[in-house]
Each structure stands twice: as C-alpha cells, then as structure tokens.
Amino acid sequence: MRDPDLLEIYFALISANLNSTDGAALLDRLAFRARDMAGQDESFDFQSGHTGDCLHAVADSGLLFSIALSRWLSRDADIPLGKALQHQASVARLDQTHPQSYDLQHVEEPDAIVAAKRLCALAAAPAVSLGWALSMARQFPDSASTASALTELLDYHIHELPRSTQTLLASSESVFGALDASINGLRRLQESEAELSILPHLRELEMTADMRLIFSTLKRNEHREIHRQAEERSIFALVTRRIHLKYSLRPTIEVRGEGSSTESQMAMVSHELTVELPLSEGADPMLGRAKRNRLWRGR
Amino acid sequence: MSLQLVLQNYLASLKERDELDALLPELLMAMGHSVLSRPQVGVAQAGVDILSSFTDSEGNEELFMFIIKFGNIGREDLFTGPQAILPSAREAYTDFARHRLTEAQRALSKRLVIVSTGRVKQEATAGFAGLADEVNQQPGFSFKFWGIDQLTPMIEEYVFDEALLLANGKSDLRAALAGLEDSQAAIHRFIRFVEACLVIPDSDSSASAATRRRKFLRRCAAAAMGHGVLLVWGRTEGNLKPAAVCGEYLLLRLWAQAVDLGLTDDQDFRDRLEATMGVHLSALLEYFAKVLPTLKNLRALVRYRPNPVFYAQLIFEEVGRLATLLLLLQYAPVHQGIRSGIRLELVEVINANSIAVRPLLDGQGIDLSLVFAALMGEGDTASCRTVLQGMLVQLRNALVNNERLPVDTDLTEDAIAVHFTGEAEARAFFKTSTLIPMLATVSGFLDDERAHGFLRGLAPHLDGVALERWYPTADLERLTGSTLSLGAISASRVIDGFQSDTQAEVQASLRLPAGAGAEADFRWHGSDWEVLVVLSARLHRHPLPTSYFAETLARARSFEPPDVDESGQPGASS
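Read top to bottom, the protein sequences are chains E and Y. Position 205 of the first sequence, counting from 1, maps to 205 under my numbering, and the rest follow consecutively. Position 306 of the second sequence, counting from 1, maps to 605 under my numbering, and the rest follow consecutively.
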C-alpha cells in the first residue's frame, strides 16, 4: 500500500547518521502507522508497499534492526510487524554460514531475551537466531537470566538444527569464536557428530520399497510446489524468457530475425540452496511445535 | 548352541539313502576334498560309500574312505546284519584298498571314517574301540568317527546354506538368501520356503498316525534348519531383520500345523519348537545388539526415515519387537540381569523417541500393548504408568484440538494425509479405535484410577467413534499360513464407554463376547507356549488379548522384584 507517511518514514530510515534515539522514535512511528493500517484492513500485508520498503531498510541497519526486533517481538500489538521484520532478516541471511553479530547496547535485556526465544519459535534463519543469542551473551555477560536463556536457546539450536549450528559456530568468519557459549556448543556438536559417525549403516532400518516410492512422490510434489510459488512471486520471471531443456547443460540457442538467424551458446549454471529443517519436523513435528510454543511463551 | 541343536534335529531327520549320502559329498567339497566316488544304488561298493582325497597346505595328500551309518550305533550295528560296520570296515581296508585303488592311491595314507547321524551307544563303545584299534593297526590306515556332534560344527562352518536342503523349498530359500539386501523380499521368500517345507502331500492322508508324525517332525526340522541358514547368512550379508521376523512366522506356523495334526503335546515336536525358539532368541538378541545404539540416536534415525510417518512406523515396529523379546525372555531360563538390561533399553528407546507415546496409526497401539505387557511382566508398573500418562496427555491434545488422531485404516497413505500433508479431514480416519479400549484395559490392570478417570473425561470427545475391544476365537492358533482372515478369528465387542472404576474395567475387559474362544480352548493355554500369542499379535497385527495382561501380571509375581529406579523410568518423552 502506498502511503505518504510511510514513504517519509522510509526516507528518514535510510538517511545517514541516524542516532538511536531518533531511530527509536522513527520505529515507533512506523509501528503506529502499521498498526493503524492493519486495523483498517484485515488482509494488510506488512511485506508489501512502503511498509515492506521500511522493513527492508530496518533489516539492513544494524542499529535499527536490534531495537526494532526486540521491541516489536516483545509487544503484543506489534508482533505482526516483528514477524515481518524477522522474515525480512531471515530471507536475507538464509544462506549465511556465520552467525550474524547484532549490536544490542540500545536494547533492554528482558526484551532481548524475549526476542531471542521468539526468533527460535518463528523458525528464523539459524544465522539470525543463533547470532542474536550469542550477541546477547556478549552484551550481558554477567547476567543470570541471559545465561539461563542462552542455555535454553543453545539447546534448541543444537538439538533441532545441529548441522547448521555446527557450520555457524565453526565458521572462521564468526566473531563469537572466543565466547564460552560458542566453544561449548561447538564441542557438544562435535561429540554428537562423532557418535553419529561411529554408528554402522543398518540395512535393517532402511525404508521399504513402498516407502521409497511414496517418499519420492512427496519430495517431488514439495519441490514442484516450491518452484511454483517461486515463479509466481518472481519479478525476474516477468522480464526474462524461460527455456526448459531435458538434456543439455550447454545448449546453443537459435534466434531467428528477419531473414537470418543467430546462434549463441549458453552455459547453464545450477543454483540451489539447502535449508536444514528442525530435526523434529522429520521425527515428531508435534514435539517441535510444543518446543516452539514453549519458547514463544517463555517470557 | 541353538543353531547346532536345530542342525542336529535336521541331520537326525535325514534318511541314509539319497539324503545323508547326498549331503556328505557337498560337505567334503566345501572342506576342500576331491570326491573320487559317490554312493551308487545297486552297485557293490566293497564297504566304502564315498571316497575322497584331501591335500593339505603343505602338499600332503591323504585318502578318505567313508562308511555311512544312519542313526545311533549299537552293538548290532557294529557286528551283525548285511550293513554292519565291522564287516564293511574290514572289506574297506582289504578288498577296496587292494583292488579299487590305483597304485599311486595305495601309497597314500588312508583314513577310514565312519559317518553317522547319531552317536555311539554305551553298549557299543568297547566294540567300537576294538574296531578303531583294528583299523589303526593296518599299515597306512587310521580310524575316525564323524558322529552328529562332529558333523554339526563342520556343516555349520562349511555348508550352511540352501545346499543342505535336499527337497521342497530349496529354490525359495536360495531366493531368500539372494534377496537379503531387501528385508521385505527376503521375508516374503522365506515364508514361501516355510510353506513349501510344510506342505503335507496327499499321500500322507492314508499313512498311519506314526508315519504322519514322523514326517511332520522331518518337515519341522527342515524348516527350522532353513531359518538357521537365514540367520547365518543374514550376518554375512549385514541384514539380521529377515531372520528376526521369519523366526516369528516359523514358530507360529509350526504350532499351527501341530494344532491341525493334534501334536502340540508331542515331546519331540516341543523339543524342535524349543530349538527354533532358541535360534529366534539368539537372532533377536543379536539384532538388538546391532541396532539399539542407532534406535537411541534421533539424528541417525531421521537419516533412515526422513519423514515423520515412516519414522513413527520404524519406532513402533522396533519398540514392539523389543518388547516381544523381553516377553519371550520372561519364559526362558535366563538370568534376571539380562531381562533387566533389555527392560532398561526399552525404556531408553522410548525416552529417546517422543513419538513412542503418540501413535499415528491405531494399529501402533498393538506395539504399545506389548510394551505394557513386557513392563508389567517385569513388575515395572511405574514405567507403565508413566508411558500411559504420556499417551493419555497426547491423546487428549489430539482429541481436543481435533488433529493428528490415530488413523484407523492403518494405511501409510492415510497416515500421510492426516499427519504430514494435512490433506485429510480431521476425523476422516478416526471412526474406530482399538487403541483407546486397550488404554482403558491397561489402566484397569495397573489399578491406575487417575489414568482411568482421565480417560473417562475424554468420553465426550469420542462421539461417533466405535471403541472396539478385541478377543480372539480359538482359530487364532491356526491363523499362520492358513487362508483365514483376521476377521475370521476375531470376536470384538464394541464398548459403550468406560466403566466406573479400574476393577470394573478389568472385569469388563476379561468378559468374553459371544464367539470368543475361552482360555481353555487354546492348546497353548497353561503352558509356556502361550507366549506365541505375543508373536501372533506383533506379526499378524491383531491386538493383544485382554486376558494376556492378567497372565503377565500373574507371571510377574513369580519373579524377583526388579531393581527399578527413577533413571530407569520413561519420563523425558512424556
């Protein structure tokens, strides 16, 4: 939705030299306006129009993001906006292989803890949720409540997202490498990995032929649905011509003009992104849901 | 040891002609012998049934002259009759050695081996020693005896495969062994093998009762030997599951045929069944020693089953199998420490897999009923109550939220529609429940008024759901391998809610509906073989009869109280 007030907020948000006080006031204006618009329209989409632009600007700013996320995820009225901001940040950092560092010096500790737990509950990208948790440990090193929350948050990451968490903690780009929480977490994951690696491969537990067939159908449907939705939302797809080939990875494309044709060879490159689903999604989704509900309520 | 017992039973069941004398050359070739002559019917063999040569690793060649004798060896077998051993041995070291060997062979050292599917009787030991001395005194000759105790370890080591089978089912056993990579295919072919082994020829109908009995025992021995082969090959092929499943089928199938023939009380039959049970227990213990560490590692399990429905199927199958093992051990003469170890493993697997208290299929309640029975049998009512409590909480959540209810069709596709894709309407496959009546029965036997009250509180959410409490007819014992359907051996009662307290629930659970078999109608009643009902429930996927809980609790009282502590109780998952 196009709204002059939001446009003004957007320009203010992307202006340089914004301090925390002014930034917080702008975020309050944005939240107020978004609440107002959502109140008028039940189907209001926080990701679209100038609201989406504003959220993009907030997600891009280290200072504004931490203030906005901690406030919005801990205030009931602003939770939809907080969720939309979390989504922006998660999409931006979905394939990031190191935990994102956040500046939490302008954030209240209780709000930071609530936001940290709710990031997990919302299944944020691991680089965001783990980065927030470790940033909290760095910002409030002597706090008992942060230490307690950190244990819970690290347990969640280690149990539910072991592969991603290990990659993030072991990353040479991580700025948290010297934190005890990071060192201990990585050690636990390496021990778990070692336990896993010594287990023999068991034919006894393999899927039956029927299961393999059903499973491959489910995966194919899932992939097709992902592609269908991606194509539906793709702006890039509106301005490009799409060609599907069965065999070649280096086709020659013939283009006929007036009386002549040209050919050009195009090499195709593959692009894929692997996202680790919480472990409970593959085993006991209800348990995963219960864990996330507990984290969401965990004030 | 059980494997050798099965093999001994099999060897003892072989006939000398066409069977033992056909098997021996196979054994010799597997041992590295060159077989120079084989038994021939109607041809004078000058005492020697088989001649072979063996060259050891240092290049020394030796001749082996075999005399085959069927069964145990008594005095008469040694000295009298046309087939007596002593005259055959003398003929071998005289006539055969002088006239039927080449000059080069005569120069080799020679062993005269008496092969028997039995043992030397006490009455014949002196005569036998004399025979050994006599042969040993002949220049170039030495004496050996391969009785059943010597043959079985050699056969186990060298020719334990489908070549041992000389008649029906050989190709099916071969196919089962060849398909060991795929558990389902191997199990399917092994069942065909068992059926081929146990087929009763039409000619048997006119045979005497003694002949029918003898032939039945032979069929039992052959099928049991095939199971032993499947276990041994499963080890080398890295798949123990077919043997673990097929043992259940075999035990039930042997019992079913014994029921048909009226031989369930026959001691020889029970000895064979005992040996098969021994092999089955070994297979299960070996199986779980291999898979248990993985069953307690969620990350590893999800790699095998990357979908919650398939993962749940694996967990319930394995938990049910482990509970079955514990129940079988409760009837076996094993140290309580082994049972306690298995009980703790069962509890740990449940704790490591939260899904164990949230069955996705109604039929997975069968596996849970086995868990309850196994823990009750160990006197571990505390763990039973914890598992029950966990299940009831999950059930309440599912009923109140009207989502992810146990699927009554027990079909994977329906489970996926309800529990994974969410395509099915909430109660589309929740019209019948055998799980919920089972929970009521268990709460009754545990005398757990709290759990029973909790269950009664769920009644308003069960409108339109048929609560089916299952009872078997006496034909249950004949189900395996028959054309009977599960429906044909079932006599259910649709219960109208729950009783007012646990005692009343127990009474109601034990009260038989019309058509159900009374305990005394079952041949296994009153014997340790009542445990076969547990295997039947797990394998054929029918509920555990309510009366079995009563028997289990009674049996538990005969054991020492278990050493149950807090760490040994399920908790984390529930």
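Think of the CB as a built atom: it goes at the ideal place given N, C-alpha and C, for glycine as much as any other residue.
{"Asked": "Tell me whether residue 359 of chain Y counts as near the ligand SAH, meaning its Cβ is closer than 7 Å to at least one heavy atom of that ligand.", "Found": "This structure lacks the ligand SAH, and indeed carries no ligand of any kind."}
{"Asked": "What did DSSP end up calling residue 364 of chain Y once you bin it into helix, strand or coil?", "Found": "strand"}
{"Asked": "Would you list the one or two residues that DSSP bridges to residue 821 of chain Y?", "Found": "Looking at the DSSP assignment, residue 821 of chain Y forms no beta bridge with any residue, so it has no partner."}
{"Asked": "Is residue 646 of chain Y helix, strand or coil by DSSP?", "Found": "helix"}
{"Asked": "Please determine if the region 135 to 143 of chain E and the region 84 to 93 of chain E are in contact, where contact requires at least 3 C-beta pairs separated by less than 8 Å.", "Found": "no"}
{"Asked": "Can you find a C-beta in chain E that's less than 8 Å from the C-beta of residue 871 of chain Y?", "Found": "For residue 871 of chain Y, the predicted structure reports a pLDDT of 40, less than 50, and the residue's modelled location is therefore unreliable. A value from the coordinates is still provided. It does not; no Cβ of chain E falls within 8 Å."}
{"Asked": "For residue 855 of chain Y, count neighbouring C-beta atoms within 10 Å of its own C-beta (all shown protein chains included) and say buried if the count is 16 or more, exposed if not.", "Found": "buried"}
{"Asked": "Hey, how far is the Cα of residue 471 of chain Y from the Cα of residue 488 of chain Y?", "Found": "6 Å"}
{"Asked": "Just how far apart, CA to CA, sit residue 6 of chain E and residue 17 of chain E?", "Found": "20 Å"}
{"Asked": "How is the beta strand (DSSP E) around residue 654 of chain Y delimited, first residue to last?", "Found": "Here residue 654 of chain Y belongs to no beta strand (DSSP E), and DSSP marks it neither H nor E."}
{"Asked": "Residue 599 of chain Y touches chain E at which residues, Cβ-Cβ below 8 Å?", "Found": "196, 199"}
{"Asked": "In this structure, does DSSP put residue 333 of chain Y in helix, strand or coil?", "Found": "strand"}
{"Asked": "Which residues of the region 159 to 170 of chain E have a Cβ closer than 7 Å to any Cβ of chain Y? Give them in chain order.", "Found": "162"}
{"Asked": "When you compare each of Y/522, Y/520, Y/541, Y/521 to residue 530 of chain Y by their alpha carbons, which one comes out closest?", "Found": "Y/541"}
{"Asked": "Which residues in the same chain have their Cβ closer than 7 Å to the Cβ of residue 657 of chain Y, if we skip the five residues on either side of it in sequence?", "Found": "693"}
{"Asked": "For the alpha helix (DSSP H) holding residue 226 of chain E, just list the boundary residues, first then last.", "Found": "209 to 233"}
{"Asked": "From residue 284 of chain E to residue 165 of chain E, what distance separates their C-alpha atoms?", "Found": "20 Å"}
{"Asked": "Quick one: Cα of residue 34 of chain E to Cα of residue 81 of chain E, how far?", "Found": "7 Å"}
{"Asked": "By DSSP, does residue 252 of chain E sit in helix, in strand, or in coil?", "Found": "strand"}
{"Asked": "Would DSSP call residue 171 of chain E helix, strand or coil?", "Found": "coil"}
{"Asked": "Out of E/121, E/174, E/180, which has the shortest C-alpha to C-alpha gap to residue 142 of chain E?", "Found": "E/180"}
{"Asked": "Would you say residue 650 of chain Y and residue 195 of chain E are within 8 Å of each other, going by their C-beta atoms?", "Found": "no"}
{"Asked": "At least one CB of chain E closer than 8 Å to the CB of residue 309 of chain Y: is that the case?", "Found": "no"}
{"Asked": "Helix, strand or coil: which one does DSSP assign to residue 261 of chain E?", "Found": "strand"}
{"Asked": "For residue 366 of chain Y, which residues of its own chain have a beta-carbon under 8 Å away from its beta-carbon, when the five flanking residues on both sides are left out?", "Found": "346, 347, 348, 384, 387, 388, 391, 411, 412, 413, 414"}
{"Asked": "Let me check understanding here. Comparing Cα to Cα, which of Y/660, Y/497, Y/585 lies closest to residue 710 of chain Y?", "Found": "Y/660"}
{"Asked": "Under 8 Å, Cβ to Cβ, is there at least one residue of chain E near residue 865 of chain Y?", "Found": "Below a pLDDT of 50, predicted positions are generally treated as unreliable, and residue 865 of chain Y, at 48, falls in that range; no measurement from the model is reported."}
{"Asked": "Between residue 94 of chain E and chain Y, is there a C-beta pair that is closer than 8 Å?", "Found": "no"}
{"Asked": "Just to make sure I have the definition right: I need the residues of chain E whose C-beta is within less than 8 Å of the C-beta of residue 507 of chain Y. Which are they?", "Found": "Going along chain E, no residue has its Cβ under 8 Å from residue 507 of chain Y, so there is no contact; the nearest lies around 45 Å."}
{"Asked": "For residue 539 of chain Y, which residues in chain E fall below 8 Å Cβ to Cβ?", "Found": "204"}
{"Asked": "Quick one: any contact between the region 268 to 277 of chain E and the region 100 to 112 of chain E, if contact means 3 or more CB pairs under 8 Å?", "Found": "no"}
{"Asked": "Determine whether the beta carbon atoms of residue 627 of chain Y and residue 832 of chain Y lie at a separation below 8 Å.", "Found": "no"}
{"Asked": "In the structure shown, what three-state DSSP assignment does residue 673 of chain Y receive?", "Found": "helix"}
{"Asked": "Which residues bound the beta strand (DSSP E) around residue 118 of chain E?", "Found": "Taken as a continuous stretch (DSSP letters only), residue 118 of chain E belongs to no beta strand (DSSP E), being part of the alpha helix (DSSP H) at 109 to 121."}
{"Asked": "With 9 Å as the limit, tell me which residues of the region 260 to 287 of chain E have their beta carbon closer than that to any beta carbon of chain Y; keep them in chain order.", "Found": "279, 280, 281, 282, 283, 284, 285, 286, 287"}
{"Asked": "What residue range does the alpha helix (DSSP H) around residue 504 of chain Y cover?", "Found": "Taken as a continuous stretch (DSSP letters only), residue 504 of chain Y belongs to no alpha helix (DSSP H), as it is neither H nor E."}
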